[in-house]
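Step one of this worksheet: look at the structure below.
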Amino acid sequence: MTFSHMSRRTMLKAASAAGALAATSRELFAQGAAPRRPAPLPLRREFVIRGATVLTMDPNIADLASGDVHVRDGAIVAVGARLTPRGARVVEGRGMIAMPGFVDSHWHLWTSLFRPFVRADVDAVGYFPVSNRLGQLMTPEDSYRSVRLGVAEALSAGVTTVHNWAHNVRSPEHADAELSAMRDLGIRGRFAYGPAQGMPDDQVMDLAGLARVKRDWMPNDGMLTLGICSRNVGAMSIGGAARGVLTIEMVKKDWGGARALGLPITVHTSGPSPVMQLEEAGLLGPDLQLVHPLLTTPEERAILKSRGVSYAMAPTGEARRPSAVGVIQLGEMLEAGVKVSLSTDHTTNYNCDPFVAMRILFALHQHRIGNKIPLSLKRLVQLATLDGAVDLGIADKTGSLTPGKRADIILVRTTDINMTPVGDPYEALVSMAQPGNVDTVIVDGRILRQAGKFATLDHARVVREARDAAMALRDKAKWPT
Ligand SMILES: [Zn+2]
C-alpha cells in the first residue's frame, strides 16, 4: 500500500491529534511489509530498588554502600537508606550497583545492519565504502530494522539515552522509520536529522523535512528531542565521501536552517580541524557538538571552552586509527574545561560496550599522559552518564540519580564471576564490567529489561528481521559478492 506524501502528512497530523501517531506512522512507511505491531512497552509502575550500592553521579547526593531508590510515575522520588513507601513494589538491589543509565552521545544506528559485510582489516569493505553503497539502497523498513537492532543492543548494554546520528534520511518515511524504532523500544534520545548517502555536497539539506519532523514528532512525551547531523566541514577528511563535505557557505545554509528552528547541530571533525574556520565564520556556539577530538590545538580548545561547544569521544573506534590522524585528547579537553561525552559511533565492527569505552579511555590516558592530568575512575563513569546528558542538553531529565529527574536507571550485577568480589564500585565498573553484567534497565520508569532479558521486546524477531533485511540488501546490491 502506498500513499502520496501529502495524504500521508495529512493523516499523520490527524493521527497525532488522536494520540495514535506511532501506529499510523508505522503502517504508512511499511511500503508493502505487513503492518508492524510492536509489543507494548511495560507500564510505569511505582517501585523501590532496595539494598543496592547506589552511585548517584549527582555531586550533591552521596553514594550509598547500601541504599534505595524510589520511583513513581516515571520519576525518581527519593534516594536514601531504608525507604518504605506504602504500596510500592520492591525491586531487589542486593548484589547490584544502581546507577544512572549510560548516555551515548553519537551513534550511527542506521548502519547496524551492515555487520555481515564490514571488515575491520580489509579497506575495500571497510565501514565507509559499505555504508555508502548499501545505504543508498535502504528502504524505510531497512532503516527501522537497523535502528531497532542498534537500540536493542544499546539497552542490553545499559545505554538509556542515545544520540542517533541519522545521516541517511532518504525520505520523510525514512525519518519516521528511525524515530518509530526509537519510540517503539522506549529509549530516550535525540534524533539528529541528516542528509542522505549519495546526496550532492552543493545541495542544501531537507529543511522542510526537518521542520515537518519537528512539527509531527516533537515534543511528544519528552522522550525524543531533535537536532541535525551535518556533513563534514572544509577539507576532505576521513569519511568525507560517506558523510559529505561542505564549504563554509553551505554550512551557513544547513546550520542556519537548523538554528532558525531552534535545533542543535552535530558534526564530525575527523581529519584537519575545522575549528578556526568555524570560529572565523561565527558559527561556533553552545548548540554545537563536535565528534572525535583528535587533532585540536590549545588555542582551539580555549575557543571551544569559551563558545560552550561540546566534543563527543568514541574511544573504541578512535583507538584503531593510525596516530598520524591524531590521538585521543581526553586529558587536554578536561584540562581546558571543554565539555566532553562518550559514544559508541557505530556497531558494524565492534559492539556497544560502555565499560570497554571507559577502559580504553583510561588506558590511553594513562599510556600517554598519566598523572600529569589526573583522571579518576569516577570521572570516567561521570563522562559516560551525566556529562553525556549535559552534552545533549537534557541534564535536567537524566544523567544522575536525582529526585525529580526521570528514572533512567541500570542495575549491574556484582556477583558475576568477572566482577566478584567487588571492592570499589567504580573500579569494578571501569576495570571489570561487561554488558552481560547489566541485569536491569529502566528508562523513564519503565523496566525494559530485567534479569538480562527484555520485558516485552521480541528478541528473536529483532534478530530474524535484521538478518533478513541485511541479506536482502546484499542481494539488491549484488555486492559484496
Ligand atoms: Zn561517527
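Mapping of the sequence shown onto the numbering used here: residues 3 to 483, in sequence order. Glycine included, each C-beta is placed from N, C-alpha and C at the ideal position.
D347: beta carbon under 7 Å from a heavy atom of ligand 1? Walking along the sequence shown from the start, residue 347 turns up at place 345. Within the cutoff, so yes.
What three-state label does DSSP hand A314 in the structure shown? Start at 1 with the first residue of the sequence shown, and residue 314 comes out as number 312. Note: A314 maps to strand in three-state DSSP.
Just verifying my parser: in three-state terms, what is the DSSP assignment at V341? Residue numbering aside, residue 341 sits at position 339 when the sequence shown is read from its first letter. In the sequence under discussion, the amino acid at residue 341 is Lys, which differs from the Val named in the question. Three-state DSSP puts K341 in a strand.
R476 versus L136 - alpha carbon distance: Residue mapping note: residue 476 aligns to position 474 of the sequence shown, counting from 1. Residue mapping note: residue 136 aligns to position 134 of the sequence shown, counting from 1. Computed Cα separation, rounded: 8 Å.
Cβ of M315 within 8 Å of Cβ of V342? In the sequence shown, counting from the first residue as 1, residue 315 sits at position 313. In the sequence shown, counting from the first residue as 1, residue 342 sits at position 340. Yes; because the gap between Cβ atoms is below 8 Å, this pair is in contact.
Three-state secondary structure (DSSP) of I444: Here the question's residue 444 lines up with position 442 in the sequence shown. Three-state result, I444: strand.
If you draw a straight line from the C-alpha of G310 to the C-alpha of A159, how long is it? As a first step, residue 310 must be located in the sequence shown, where it is residue number 308. As a first step, residue 159 must be located in the sequence shown, where it is residue number 157. Those two C-alpha atoms are separated by around 30 Å.
Anticipated Cβ contact below 8 Å, I63 with T350, distance rounded: Counting from one through the sequence shown, the residue named residue 63 turns up at place 61. Counting from one through the sequence shown, the residue named residue 350 turns up at place 348. Wrong, their Cβ atoms sit about 38 Å apart, outside the cutoff.
Going straight from the alpha carbon of V340 to that of V277, what length do you get? Locating residue 340 in the sequence shown gives position 338, where the first residue counts as 1. Locating residue 277 in the sequence shown gives position 275, where the first residue counts as 1. Going by the C-alpha atoms only, they are around 13 Å apart.
Is the beta carbon of T58 closer than 8 Å to that of G103? The residue labelled residue 103 in the question sits at position 101 within the sequence shown. The residue labelled residue 58 in the question sits at position 56 within the sequence shown. Their beta carbons are not under 8 Å apart, which means G103 does not touch T58 by this criterion.
Leaving out five residues before and five after A453 in sequence, what residues of the same chain have Cβ atoms less than 8 Å from its Cβ? Taking the first residue of the sequence shown as position 1, residue 453 is located at position 451. Counting only Cβ-Cβ distances below 8 Å, and skipping sequence neighbours, we find D441, T442.
Under 8 Å, do A462 and P44 count as touching if we go by C-beta distance? Against the sequence shown, residue 462 aligns to sequence position 460. Against the sequence shown, residue 44 aligns to sequence position 42. Result no, Cβ atoms of A462 and P44 do not sit closer than 8 Å.
Measuring alpha carbon to alpha carbon, tell me which residue in D60, M98, L157 is nearest G487. This structure leaves residue 487 out entirely; the chain is present only between 3 and 483.
Beta strand (DSSP E) containing E94: first to last residue? Residue mapping note: residue 94 aligns to position 92 of the sequence shown, counting from 1. That run of the beta strand (DSSP E) goes 91 to 94.
Helix, strand or coil, according to DSSP, for T417 in the structure here? The residue you call residue 417 lines up with position 415 of the sequence shown. Three-state result, T417: coil.
Going by alpha carbons, who is nearest to V327 out of L296, R233, L344? Translated into positions along the sequence shown, residue 327 becomes position 325. Of the candidates L296, R233, L344, the one whose C-alpha sits nearest the C-alpha of V327 is L296.
Ignore the nearest five residues each way along the sequence and tell me which others in D186's own chain have a CB closer than 6 Å to its CB. Along the sequence shown, one-based indexing puts residue 186 at 184. If we look at D186 and ignore the five residues flanking it on each side, its Cβ neighbours are P40.
Would you say A316 touches ligand 1, meaning its beta carbon is less than 7 Å from a heavy atom? Within the sequence shown, the letter at position 314 stands for residue 316. Checking every heavy atom of ligand 1 against the Cβ of A316, one is found closer than 7 Å.
Could you check how far apart the C-beta atoms of D398 and Q291 are, in whole angstroms? I think they sit under 8 Å. Residue 398 sits at position 396 when you count from the first residue of the sequence shown. Residue 291 sits at position 289 when you count from the first residue of the sequence shown. Not a contact, Cβ separation roughly 18 Å.
heavy atom of ligand 1 below 7 Å from V105 C-beta: The residue labelled residue 105 in the question sits at position 103 within the sequence shown. Answer for V105: no, Cβ out of range of ligand 1.
Pairs of beta-carbons, one from the stretch 137 to 155 and one from the stretch 107 to 123, closer than 8 Å: are there three or more? yes
Three-state secondary structure assigned by DSSP to R172: Position 170 of the sequence shown, counted from the first residue, corresponds to residue 172. Coil at R172, not helix or strand.
Looking at the unbroken alpha helix (DSSP H) that takes in L157, where does it start and where does it end? As a working mapping, residue 157 is identified with position 155 in the sequence shown. L157 -> alpha helix (DSSP H) spans 142 to 158.
Let's test the definition: count the other Cβ atoms within 10 Å of the Cβ of G273 and tell me whether it reaches 16, buried, or not, exposed. Indexing the sequence shown from 1 puts residue 273 at position 271. It is buried - the Cβ of G273 has at least 16 other Cβ atoms within 10 Å.
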